[in-house]
Amino acid sequence: NLKPFVVIGKWHRKKVDFNREINEATLNHPEAINAHKSYHTNLKNAINKIEQQYGKGLLIDIHGQGVGK
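Numbering (my numbering), first residue to last: 2 to 70.
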């Protein structure tokens, strides 16, 4: 009965890059900073809960790829 945690960054990578340090990732835009902080807070909370309950877990970081339309 185990279920995965899912943390999704719904901003376009041009606006926020969740895999970079906050200053580079957000270009100091206030809304982008909030999105970056929220994403990483949710990710840390999921990791902490998994570690507390199970001792370890598996983190999979999936990136989308834009395709010309």
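Even for Gly, the Cβ is constructed at its ideal location relative to N, Cα and C.
Option in the options with minimal Cα separation from residue i
i	options	result
Ile23	Ile34, Lys11 and Asn43	Ile34
Ile61	Ser39, Pro31, His30 and Asn20	Asn20
Glu32	His41, Lys45 and Lys16	Lys16
Pro5	His64, Leu28 and Gln54	Gln54
His41	Gly58, Asp18 and Gln66	Asp18
Tyr12	Ile51, Gly58 and His30	In the sequence as displayed, the identity of residue 12 is Trp instead of Tyr. Taking only the C-alpha atoms, the option nearest Trp12 is His30.
Gly65	Gly10, Leu3 and Asn2	Gly10
CB-CB length for residue i against residue j, believed under 8 Å
i	j	result
Asn43	Val8	5 Å
Ala26	His37	5 Å
- Counting only runs of 4+ residues fully inside the segment 3-32, write out the alpha helix (DSSP H) ranges in chain order. 23-27
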